[in-house]
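Structure first, commentary second.
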Amino acid sequence: MNRYASSVLNTLKKKYPEQKEFLQAATEILDSLSLVLDKHPEYENKGLLERFVEPERIITFRVAWTDDAGKVQVNTGYRVQFNSAIGPYKGGLRFHPSVNLSIIKFLGLEQILKNSLTGLPIGGAKGGSDFDPKGKSDTEIMRFCHAFMRMLWRHIGPDTDVPAGDIGVGGREIGYLFGYYKSLVNAHLGALTGRGTSYGGSLGRTEATGYGLVYFVEEMLNTAKKDSFKDKTVVISGSGNVAIYATQKAQQLGAKVVALSDSNGYIYDPNGINLKVIQQIKEVERKRIKEYLNYVPTAEYHEGCRGIWNIKCDIALPCATQNEIDESDARKLIANGVIAVGEGANMPSTIEAANLFVSNGVLFAPAKAANAGGVATSALEMAQASQRIFWTFEEVDKKLHSIMVDIFHNCEKAANEYGMPGNYIVGANIAGFEKVANAMMAYGVL
Ligand code: NDP
Ligand code: 2IT
Numbered sequence: 132m133n134r135y136a137s138s139v140l141n142t143l144k145k146k147y148p149e150q151k152e153f154l155q156a157a158t159e160i161l162d163s164l165s166l167v168l169d170k171h172p173e174y175e176n177k178g179l180l181e182r183f184v185e186p187e188r189i190i191t192f193r194v195a196w197t198d199d200a201g202k203v204q205v206n207t208g209y210r211v212q213f214n215s216a217i218g219p220y221k222g223g224l225r226f227h228p229s230v231n232l233s234i235i236k237f238l239g240l241e242q243i244l245k246n247s248l249t250g251l252p253i254g255g256a257k258g259g260s261d262f263d264p265k266g267k268s269d270t271e272i273m274r275f276c277h278a279f280m281r282m283l284w285r286h287i288g289p290d291t292d293v294p295a296g297d298i299g300v301g302g303r304e305i306g307y308l309f310g311y312y313k314s315l316v317n318a319h320l321g322a323l324t325g326r327g328t329s330y331g332g333s334l335g336r337t338e339a340t341g342y343g344l345v346y347f348v349e350e351m352l353n354t355a356k357k358d359s360f361k362d363k364t365v366v367i368s369g370s371g372n373v374a375i376y377a378t379q380k381a382q383q384l385g386a387k388v389v390a391l392s393d394s395n396g397y398i399y400d401p402n403g404i405n406l407k408v409i410q411q412i413k414e415v416e417r418k419r420i421k422e423y424l425n426y427v428p429t430a431e432y433h434e435g436c437r438g439i440w441n442i443k444c445d446i447a448l449p450c451a452t453q454n455e456i457d458e459s460d461a462r463k464l465i466a467n468g469v470i471a472v473g474e475g476a477n478m479p480s481t482i483e484a485a486n487l488f489v490s491n492g493v494l495f496a497p498a499k500a501a502n503a504g505g506v507a508t509s510a511l512e513m514a515q516a517s518q519r520i521f522w523t524f525e526e527v528d529k530k531l532h533s534i535m536v537d538i539f540h541n542c543e544k545a546a547n548e549y550g551m552p553g554n555y556i557v558g559a560n561i562a563g564f565e566k567v568a569n570a571m572m573a574y575g576v577l
């Protein structure tokens, strides 16, 4: 690592020793950026990196709400407005019991570079709460979302900060959040994306992250190996928004998806997953994935989500959560002949796992590039809302496809330019950083 990058990382480690996910993301990024810093010694005197790794603003707040039994519950809410150099803060909200400042900061830091890679004018942010949606009634979800927005509304807006979904926040939650925002500000503003299509949402946003991931991996396979998803065996972790639409697009391109998971376990269906069944269980009934066996008794269910990486596959798409693939999982995938790994989740591979894939010649599509289709389509939703028009599904999907193809080639080009051909981790970090760095330098010291 370059001396300047390493001194900035050491300071972060001293200042935030408990923020392990944030330090993990910062380590990977600063390592890649070393190559750029060697070319730009002027950045050091301007404190560019010190500013880049420190959020512009962090908002934390109490969220008090009443459960169905009439008992008051208290959660913590977060919004990390990380960087607004190239556009309004933009990024999802995560509702999961594991949420803490370290996780929101890692997601926010990744989001800055991801949003820059889309080529659209959006800055980086992330937010959420340690609220656990599992087992909550619909009215409890509504009361929580309203209570959360009661505290957040004054900090967001269509030109300031535009949240969207992430783990535990889908169309239903965005509806409750947006409805409450709209009534508080007394205006119908595009301050959230992922909205329903009857109230300002874009067609194709629901599918965008999963579809975009598959478009990126298809382009990577085609460019590097003249290959494609056709007739490939694919393993996908998770069974939420990203996993479902990655499965759908991979199947449309002729692949056989044989496994999906949730946090309790995974299903293996050697005949190919029946996606309609998964959608019924997950999108309609909100139940556990083991219910799949009630519909497809020939499939297998295994307790524990980790074992999914033992399944032999050509392409692995981790679409659940951070650090779900460690070094030993990576070794198993490599030993079983995996040719490509595409990260749908944010930071699903540990640094060691990602490096193993790259050093063993596995085509590796890093999250901030490969899962950028969701936020890119959020930016398309913002554009439509500003113009007060709606594009057709086909128009949005075509734009998404071309954005993902461009992101792949920009990563490939940056990797080549900096002497690391085929290393799309380095390529993504550098290609994303350059635009943000240029804008920050243009503003003077802020
Ligand atoms: P969902 O809430 O729709 O689904 C999450 C899935 O991951 C569920 O199957 C869930 O299982 C599983 N999961 C969550 N946490 C854990 C955990 N700690 N251990 C094991 N499994 C877990 O979320 P999304 O599909 O939207 O998000 C999935 C990933 O994709 C996240 O990393 C997110 O940051 C990333 N992402 C999402 C985008 C979007 O547009 N939605 C855009 C870009 C990235 P269970 O139900 O049992 O908890
Ligand atoms: O991680 C992500 O890019 C998202 N959760 C989507 C963010 C967005 O604003 O659409």
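Count along the sequence shown from 1, add 131, and you get the number used in the numbering used here. The beta-carbon is built from N, C-alpha and C at its ideal position, and this holds for glycine as well. Note that the coordinates shown come from a computational prediction; the quantities given were computed from them, not determined experimentally.
6 Å Cβ shell around residue i - same chain, five flanking residues per side excluded
{"i": "LYS257", "result": "VAL211, GLY222, ILE235, LEU238, GLY239, GLN242"}
{"i": "ALA381", "result": "VAL345, PHE360, VAL365, VAL388"}
{"i": "PHE262", "result": "ASN206, PHE226, PHE275"}
{"i": "PHE347", "result": "ALA496, ALA501, MET535, PHE539"}
{"i": "PHE524", "result": "LEU334, GLY335"}
{"i": "ASP358", "result": "LEU352"}
Secondary structure of residue i, DSSP reduced to three states
{"i": "LEU391", "result": "strand"}
{"i": "LEU494", "result": "strand"}
{"i": "ALA447", "result": "strand"}
{"i": "ILE456", "result": "strand"}
{"i": "TYR574", "result": "coil"}
{"i": "ALA200", "result": "coil"}
{"i": "TYR304", "result": "In the sequence under discussion, the amino acid at residue 304 is Glu, which differs from the Tyr named in the question. Of the three classes helix, strand and coil, the one that applies to GLU304 here is helix, per DSSP."}
{"i": "GLY310", "result": "helix"}
{"i": "TYR135", "result": "helix"}
{"i": "ASN569", "result": "helix"}
{"i": "ASN477", "result": "coil"}
{"i": "VAL469", "result": "coil"}
{"i": "ASN402", "result": "coil"}
{"i": "GLN155", "result": "helix"}
{"i": "LEU161", "result": "helix"}
{"i": "LEU384", "result": "coil"}
{"i": "THR230", "result": "The sequence as given places Val at residue 230; Thr does not occur at that position. Residue state, collapsed to three classes: coil."}
Span separating the alpha-carbon of residue i from that of residue j
{"i": "ALA355", "j": "VAL557", "result": "16 Å"}
{"i": "ALA534", "j": "ALA562", "result": "Strictly speaking, residue 534 in this sequence is Ile, with Ala absent from that position. Cα to Cα, the separation comes out at about 14 Å."}
{"i": "MET132", "j": "ARG336", "result": "38 Å"}
{"i": "PRO264", "j": "CYS276", "result": "11 Å"}
{"i": "SER229", "j": "GLU483", "result": "23 Å"}
{"i": "GLY254", "j": "TYR220", "result": "4 Å"}
{"i": "GLN379", "j": "ASP457", "result": "26 Å"}
{"i": "TYR399", "j": "GLY341", "result": "20 Å"}
{"i": "ASP290", "j": "MET572", "result": "22 Å"}
{"i": "ASN491", "j": "THR481", "result": "16 Å"}
{"i": "VAL203", "j": "VAL194", "result": "10 Å"}
{"i": "GLU149", "j": "GLY403", "result": "42 Å"}
{"i": "HIS319", "j": "ASN425", "result": "44 Å"}
{"i": "PHE564", "j": "GLU455", "result": "26 Å"}
{"i": "LYS544", "j": "LEU531", "result": "20 Å"}
{"i": "LYS418", "j": "SER138", "result": "47 Å"}
{"i": "GLN383", "j": "ALA156", "result": "33 Å"}
{"i": "PHE153", "j": "SER233", "result": "5 Å"}
{"i": "GLY575", "j": "GLU175", "result": "13 Å"}
{"i": "THR103", "j": "VAL293", "result": "Lying before the first or after the last residue shown, residue 103 is absent from the chain, which here runs from 132 to 577."}
{"i": "HIS171", "j": "GLU416", "result": "54 Å"}
{"i": "ASP162", "j": "TYR147", "result": "18 Å"}
Beta-carbon proximity list for residue i, same chain, < 7 Å, skipping 5 on both sides
{"i": "ALA503", "result": "LYS245, LEU248, THR249, GLY343, ILE538"}
{"i": "ALA546", "result": "PRO552, GLY553, ASN554, TYR555, VAL557, GLY558"}
{"i": "GLU271", "result": "ASP198, ASP199"}
{"i": "VAL300", "result": "GLY223, LEU224, ARG225, PHE226"}
{"i": "VAL427", "result": "ASP400, ASN405, VAL408"}
Cβ separation of residue i and residue j, assumed to be a contact under 8 Å, to the nearest whole Å
{"i": "MET513", "j": "GLY321", "result": "6 Å"}
{"i": "ASP445", "j": "LYS363", "result": "4 Å"}
{"i": "ILE439", "j": "LYS413", "result": "Incorrect: roughly 16 Å between the Cβ atoms, too far for contact."}
{"i": "GLY475", "j": "CYS450", "result": "3 Å"}
{"i": "ALA377", "j": "LEU448", "result": "5 Å"}
{"i": "ASN477", "j": "ALA510", "result": "Their Cβ separation, rounded to whole angstroms, is 18 Å, which puts ASN477 and ALA510 out of contact at 8 Å."}
{"i": "GLY325", "j": "GLY369", "result": "About 17 Å separates the two Cβ atoms, so there is no contact after all."}
{"i": "GLY396", "j": "ILE420", "result": "7 Å"}
Cutoff 7 Å: residue i Cβ touching any chain D Cβ
{"i": "TYR220", "result": "Annotation note: the requested chain D is absent from the structure, which comprises a single protein chain."}
Spatial neighbours of residue i in its chain, beta-carbon cut-off 8 Å, leaving aside the 5 residues before and after
{"i": "PHE521", "result": "THR328, SER333, LEU334, GLN515"}
{"i": "VAL489", "result": "PHE495, GLY553, ASN554, ILE556"}
{"i": "ASN372", "result": "GLY296, GLY301, THR337, THR340, GLY341"}
Please list the segments of the alpha helix (DSSP H) lying wholly inside the stretch 318 to 382, counting only runs of 4 or more residues, in order along the chain. Within the stretch 318 to 382, the complete alpha helix (DSSP H) runs of at least 4 residues are 336 to 356.
Give, in chain order, every unbroken run of the beta strand (DSSP E) that is at least 3 residues long and sits entirely within the stretch 172 to 197. 188 to 197
My parser needs the alpha helix (DSSP H) runs of 4 or more residues fully inside the stretch 499 to 566; what are they? DSSP runs (the alpha helix (DSSP H)) wholly in the stretch 499 to 566: 504 to 518, 524 to 548.
Entirely enclosed beta strand (DSSP E) segments - the stretch 232 to 296, minimum 3 residues: Taking only runs of at least 3 residues, the beta strand (DSSP E) segments lying wholly in the stretch 232 to 296 are 255 to 260, 292 to 295.
Mind pulling the beta strand (DSSP E) runs of 3 or more residues that sit fully within the stretch 406 to 448? 431 to 434
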